[in-house]
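Here the numbering used here is used: the first residue of the sequence shown is 5, the next is one more, and so on.
Note that the Cβ used here is the ideal one computed from N, Cα and C, for glycine as well.
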Amino acid sequence: MLYIFDLGNVIVDIDFNRVLGAWSDLTRVPLATLKKSFHMGEAFHQHERGEISDEAFAEALCHEMALPLSYEQFLSRLAGGVCCAAPGSDRHHA
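Quick look at the structure:
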């Protein structure tokens, strides 16, 4: 199965509040704690540049946020935050 991480909201719009809420529900880590520890740090940038794999990205983010999630749990809840196509994603450039 192929997953596309579009964390910059280029193709789809990701509602990170929804994702954090789902991770909080699953792990019982308080939502306020997750919101404080969530940031687009080095793991995000490395992943965007293709320097780390999807699995390494998930592992790094879970470590930074103290989230006891498997890769599959991470993905399923991240996918649940996709709410719509990003504005302008339907435009084609010649």
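query, result
"Opposite ILE56 in the DSSP bridges: which residues?", "Note: ILE56 sits in no beta bridge, so no partner."
"Exposed or buried, LEU65, counting other C-beta atoms within 10 Å across all chains shown (16 or more means buried)?", "buried"
"At what residues does the alpha helix (DSSP H) containing ASP29 begin and finish?", "20-31"
"Need the endpoints of the alpha helix (DSSP H) that ALA70 sits in, please.", "ALA70 -> no alpha helix (DSSP H), and no H or E assigned at all."
"Since I believe ALA62 is in contact with PHE78 (beta carbons under 8 Å), could you give me their beta-carbon distance rounded to a whole number of angstroms?", "4 Å"
"Taking DSSP as the reference, what is the three-state secondary structure of HIS43?", "coil"
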